[in-house]
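Undergrad:
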Amino acid sequence: MKAIVIREPGRVSLEQVGIPEPEPGFVLVKVKAAAVCATDLEVLDGNIAANYPLIPGHEWSGIVVKAGSEKDSHWIGKRVVGSNDVVCLSCEACRSGKWRYCKDFEEIGFKRNGAYAEYVEVPAYGLCELPERISFIHGALCEPLGVALGTLEKAEAKFGDTCLIMGAGSIGLCMLAAAKAMGMKKIVVCASTEKRLKIAEKMGAFATLATSRCDLQEEMKKLHPEGTEVVIDATGIESCIQQCLKLAAKGGTVALAGYGRGKTMSIRMDDIHINNLRVIGAGNNWNQHKKAVSLMEDGIVDIEHFATDLLPLEEYEKALELARKRPAGFVKAVFLP
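This note's numbering numbers the first residue of the sequence shown as 254 and each following residue consecutively.
1. May I have a chain-ordered list of the alpha helix (DSSP H) segments no shorter than 4 residues that lie completely inside the stretch 344 to 371?
2. What would DSSP say about Arg466, mapped onto helix, strand or coil?
3. Ile424: which of Leu476, Ala487 and Lys433 sits nearest, CA to CA?
4. For Val546 and Thr461, what's the separation of their Cα atoms in angstroms?
5. Would you grab the beta carbon distance between Glu406 and Pro275 for me? Rounded to a whole angstrom, and I think it's under 8 Å.
6. Leaving out the 5 sequence neighbours to the left and right, which residues in its chain are closer than 8 Å to Leu398 when beta-carbon positions are compared?
7. Can you list, in chain order, the residues of its chain with a C-beta nearer than 7 Å to that of Ala502? Leave out the 5 residues immediately preceding and following it.
8. Count the other CB atoms within 10 Å of the CB of Met473; is the residue buried (16 or more) or exposed (fewer)?
9. Which whole-angstrom value is the C-beta distance of Leu563 and Lys255, which I expect to be below 8 Å?
10. Going by DSSP, what residues sit across from Asp486 in a beta bridge?
11. Quick check on the burial criterion: 16 or more other C-beta atoms within 10 angstroms. Buried or exposed for Ser314?
12. Under 8 Å by Cβ, that's how I've got Gly420 and Cys493 pegged, so tell me the actual separation to the nearest angstrom.
13. To the nearest angstrom, how far is it from the Cα of Ala377 to the Cα of Ala368?
14. For Val400 and Trp539, what's the separation of their Cα atoms in angstroms?
15. On the three-state DSSP scale, how would you describe Pro397?
16. Would you list the one or two residues that DSSP bridges to Trp313?
17. Short check: CB of Thr464 to CB of Gln496, under 9 Å?
18. Cutting at 6 Å between CB atoms, please list the residues of its own chain near Glu491, excluding the five before and the five after it.
19. Measure the CB-CB distance between Asp357 and Cys341 and report whether it falls below 9 Å.
20. How about Val284 and Ala370: are their beta carbons less than 9 Å apart?
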């Protein structure tokens, strides 16, 4: 089969590799769509621990064509999305549903081969059937939508809360879609430039702010005079996190959903202490696919327009360049093997 392989950090190519043989508990999925994520670039650059050589790709959809054991054969022929979490299913963390705390945790696209290929081997226990009314392209975006759903769940966000989203990348825009779906109010999306803020406006953001062109704190005083009840950082950038802590309402919540690339950062502790802020990490989101599929099926969330560039595997260099440079109007490159 054709697959995009990272041989080592900085070295990627399209290769012919063997089709995986699913082990018991796993199935083989014919990939119909695989979206490019910014973290895939981190794997390519060597900034995230991975098992090289590696086929990346953790945002996918497809059709099950083979099962590793008879008990999972009922999945064959079904349209699916699914969890990338490879776990033991027997430890206390797994039994409580907190898969990513499993002592044996591995993730498809990072420690195990992912979906930038014609076929991918995935755990049967994490599968979710994809209804016919949801396209494979839309289905591949269940994973980033799940990140947003998991973040808002951890933040204990609720109907009527004010919300500020720092960052208008695909995760920030998924946060906007999820926040609107759950009835949060006066949702403001901030980004350094206006490249993607037009998309946020079309999605119904209450306001959008380009931080390079305004005084963010002054503008937010007009929009949320008492501060923001739920602030979400989707950038992982030090200066953005510092701003988030200053913009939260007294007793508010700041959810850190951005990847910090291993950097040590400086914050003003009194911003948290004096204002009794609740600051949470939101980097591990599990078992959100069924909820994401349900929201898509009902039409409550529609983010298919995020797939701005549809490409074959052969155009992997173009896809990765788009994801890195993020030109105006671009949100996601999606491979259609």
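Glycine residues also receive a C-beta, built at the ideal position from the N, C-alpha and C atoms.
TA: Taking the structure as given:
1. 345 to 348
2. coil
3. Ala487
4. Taking the straight line joining both Cα atoms gives about 28 Å.
5. Rounded, the Cβ-Cβ distance is 31 Å, inconsistent with contact.
6. Cys427, Ala430, Ala431, Gln541, Ala545, Leu548, Met549, Val554 and Ile556
7. The beta carbon of Ala502 lies closer than 7 Å to those of Glu479, Gly480, Thr481 and Glu482 in the same chain, with the five residues before and after it left out.
8. buried
9. About 16 Å separates the two Cβ atoms, so there is no contact after all.
10. Met419 and Leu509
11. buried
12. Indeed, because the Cβ distance is near 7 Å, the residues count as touching under 8 Å.
13. CA-to-CA, the gap between Ala377 and Ala368 works out to about 15 Å.
14. 8 Å
15. helix
16. Ala287
17. Yes, the Cβ-Cβ distance between Thr464 and Gln496 is below 9 Å.
18. Met518.
19. When the beta-carbon positions are compared, Asp357 and Cys341 come within less than 9 Å of each other.
20. yes
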